[in-house]
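A.B. asks:
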Amino acid sequence: MSFKHLDISRGVNWVPALFIVIYQSILLLSLPFYLYYHPPGIGVVLAMTVLLYLSGLAITAGYHRYFSHKAYKTYRPIEIILLFFGSMAVQGSALRWSFDHRIHHAHVDTPNDPYSIEKGFWYAHFLWLFEKPKEIEPKVVGDLLQNPLVMFQHKFQIPLMIVTNAIAFFAVGWLFEDYLGAFVISLWLRMFCLHHFTWFINSLAHTWGDKPFSQEQSAVNNYVISLLTFGEGYHNYHHTFANDYRNGIRWYHFDPTKWLIYGLSLVGLTYNLRRIDKASIQKRMVNERKSLLLEQLKKCWYVKREDLEKAVLETSEKVLSKLGEVQNLKNLYKKAKKEKESREYLISLKRELKSLKKGLQADWKNWKKLAKTIMRMQALPA
Ligand SMILES: [Zn+2]
Ligand SMILES: [Zn+2]
Numbered sequence: 180m181s182f183k184h185l186d187i188s189r190g191v192n193w194v195p196a197l198f199i200v201i202y203q204s205i206l207l208l209s210l211p212f213y214l215y216y217h218p219p220g221i222g223v224v225l226a227m228t229v230l231l232y233l234s235g236l237a238i239t240a241g242y243h244r245y246f247s248h249k250a251y252k253t254y255r256p257i258e259i260i261l262l263f264f265g266s267m268a269v270q271g272s273a274l275r276w277s278f279d280h281r282i283h284h285a286h287v288d289t290p291n292d293p294y295s296i297e298k299g300f301w302y303a304h305f306l307w308l309f310e311k312p313k314e315i316e317p318k319v320v321g322d323l324l325q326n327p328l329v330m331f332q333h334k335f336q337i338p339l340m341i342v343t344n345a346i347a348f349f350a351v352g353w354l355f356e357d358y359l360g361a362f363v364i365s366l367w368l369r370m371f372c373l374h375h376f377t378w379f380i381n382s383l384a385h386t387w388g389d390k391p392f393s394q395e396q397s398a399v400n401n402y403v404i405s406l407l408t409f410g411e412g413y414h415n416y417h418h419t420f421a422n423d424y425r426n427g428i429r430w431y432h433f434d435p436t437k438w439l440i441y442g443l444s445l446v447g448l449t450y451n452l453r454r455i456d457k458a459s460i461q462k463r464m465v466n467e468r469k470s471l472l473l474e475q476l477k478k479c480w481y482v483k484r485e486d487l488e489k490a491v492l493e494t495s496e497k498v499l500s501k502l503g504e505v506q507n508l509k510n511l512y513k514k515a516k517k518e519k520e521s522r523e524y525l526i527s528l529k530r531e532l533k534s535l536k537k538g539l540q541a542d543w544k545n546w547k548k549l550a551k552t553i554m555r556m557q558a559l560p561a
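Numbering-wise (the numbering used here), the sequence shown opens with residue 180 and increments by one.
1. What is the residue span of the alpha helix (DSSP H) that M267 lies within?
2. Let me confirm a value: L207 is counted as buried when at least 16 other C-beta atoms fall within 10 Å, else exposed. Which label applies?
3. Using only the alpha-carbon positions, how far apart do M464 and F392 sit?
4. Give every residue whose Cβ lies closer than 6 Å to any heavy atom of ligand 2, listed in chain order.
5. Where does A561 sit, in a helix, a strand or coil, going by DSSP?
6. Return yes when at least one heavy atom of ligand 3 lies under 8 Å from the C-beta of V200, else no.
7. Check whether the Cβ of I404 sits closer than 8 Å to any heavy atom of ligand 1, and report yes or no.
8. When you measure from the CB of H286 to every non-hydrogen atom of ligand 1, does any distance come out below 8 Å?
9. If F305 sits next to I199, beta carbons under 8 Å apart, how far is it from one beta carbon to the other, in whole angstroms?
10. Could you tell me the boundaries of the alpha helix (DSSP H) in which S234 lies?
11. Between the C-alpha atoms of A561 and L471, what's the straight-line distance to the nearest angstrom?
12. What does DSSP give as the partner residue(s) for E310 in the beta ladder?
13. Where G190 and F182 are concerned, what is the direct C-alpha to C-alpha distance, given to the nearest angstrom?
14. So within the region 271-351, which uninterrupted alpha helix (DSSP H) runs reach at least 4 residues, ignoring any that extend past its ends?
15. Across which residues does DSSP place Y566 in a beta bridge pair?
16. Contact between the region 275-289 and the region 252-260: three or more CB pairs below 8 Å?
17. Can you tell me where the alpha helix (DSSP H) with A240 in it begins and where it stops?
Written out as structure tokens, the structure reads:
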């Protein structure tokens, strides 16, 4: 662990720094004895999992996708629930969290990024919390400064963190008649796990994975990280399209935060869910992959480089133009439907769209095949 980039010239952020060091040390030293002499019951472990999810989702669906990115809209009672469990996560106030996060997106990988991965893995993971934080700039979080619930939570953040956790502790202890288990497992171990799971987004999700959407910044996509971060592991997508309420865009992507927001929209508790359309996502992917493949081909010496370069340019162009055509035809169809055009005209448009999509599918397949072939080629040894 390197402390090289830790800048304490403005002072140490003593309260969180001491809290993190002391609670984690005591927990790690005492946990083996606790597990040996007093193995927790299933109830306490279950309660820990439920509380982990509630406080974790309050961070990802609340602090992150709602307060920081405004990826959807909701009502006051839901905001109260998000802030309540957000306080239980012990990660400061939604206002402070969102300010840091908006700055992170605006200045990613630069010295102004509050948890820049350029300053090292451990700095991005949690050492940045030891530095005195920069003052909150009203222009960055103007919307949140107008929100009385956010301001209330910010003002009383420390008492709220204590009260919400005390409620959880007494409820679990009383329910399962195990106050020690409630204290060690449902309170401290749960907090420890959630802290590291959230910190993984700033460290691992900027280190270990692939970059299908934007090569120029450090955020990566990694399925494994998503399993630990309630779906936040598709971080390269997120840094490319930050206002999408989803991070995992495919149905099989593990993103419980997305499922929660979508599920709440079905019963009318969330609305105006923002999502990037499929064609824009595909266009972005093709353009990114094109530059990556051309870069890769520059390193190859034993293949017909020029032919492959030509194939990359031609195939990507084909896919991009078909994507554009599909998009235009879809808009035309929508307009025709709105203007109540004849049934025959609508059917002919639909038929045209179907055949265009079929052609796009074939081109997309060729594109993927070509990309795979080039990526498998061995690079010229240095
Ligand atoms: Zn990030
Ligand atoms: Zn974000």
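Backbone N, C-alpha and C fix where the C-beta goes; we use that ideal spot for every residue, glycine too. Just so you know, these numbers come straight off a predicted model, no measurement behind them.
C.D. replies: Taking the structure as given:
1. Translated into positions along the sequence shown, residue 267 becomes position 88. Segment R255 to M267, the alpha helix (DSSP H) holding M267.
2. Residue mapping note: residue 207 aligns to position 28 of the sequence shown, counting from 1. Counting every other CB atom within 10 Å of its CB across the protein chains shown gives L207 a total below 16, marking it as exposed.
3. Taking the first residue of the sequence shown as 1, we reach residue 464 at position 285. Taking the first residue of the sequence shown as 1, we reach residue 392 at position 213. Computed Cα separation, rounded: 5 Å.
4. One residue list follows from the rule of a beta carbon closer than 6 Å to any heavy atom of ligand 2, given in chain order as H243, S247, H248, H280, H284, H417 and A421.
5. Here residue 561 refers to the residue found at position 382 of the sequence shown. Low per-residue confidence applies at A561: pLDDT is 44, beneath 50, and the placement is therefore not dependable, though the value from the model is reported in the following sentence. Assignment of A561 by DSSP, reduced to helix, strand and coil, places it in the coil class.
6. Inclusion of ligand 3 in the displayed structure is not the case, the ligand content consisting of ligand 1 and ligand 2 alone.
7. As a first step, residue 404 is located in the sequence shown; it is residue number 225 there, counting from the start. Not under cutoff, so the answer is no.
8. Within the sequence shown, residue 286 is the residue found at index 107, counting from 1. Answer for H286: no, Cβ out of range of ligand 1.
9. Position 126 of the sequence shown holds residue 305. Position 20 of the sequence shown holds residue 199. Contact annotation, F305 with I199: C-beta distance approximately 7 Å; criterion of less than 8 Å satisfied.
10. In the sequence shown, counting from the first residue as 1, residue 234 sits at position 55. Run containing S234: I221 to L236, per the alpha helix (DSSP H) assignment.
11. For the purposes of this step, residue 561 is taken as the residue at position 382 of the sequence shown. For the purposes of this step, residue 471 is taken as the residue at position 292 of the sequence shown. Note that A561 scores a pLDDT of 44, beneath 50, so its modelled location is shaky; the value from the coordinates is reported in the next line. If you take the alpha carbons of A561 and L471, they lie about 19 Å apart.
12. For this step, residue 310 is matched to residue 131 along the sequence shown. Beta-bridge pairing by DSSP links E310 to V191.
13. Taking the sequence shown and counting its residues from 1, the one referred to as residue 190 is at position 11. Taking the sequence shown and counting its residues from 1, the one referred to as residue 182 is at position 3. Cα-Cα distance, rounded: 15 Å.
14. As far as the region 271-351 is concerned, its whole alpha helix (DSSP H) runs of at least 4 residues are 273-285, 300-304, 321-324 and 327-334.
15. The question about residue 566 has no answer here: the residues shown for the chain are numbered 180 through 561.
16. When C-beta atoms of the region 275-289 are compared with those of the region 252-260, fewer than three pairs fall below 8 Å, so the two segments do not count as touching.
17. Along the sequence shown, one-based indexing puts residue 240 at 61. First-last for A240: undefined, no H or E at that position.
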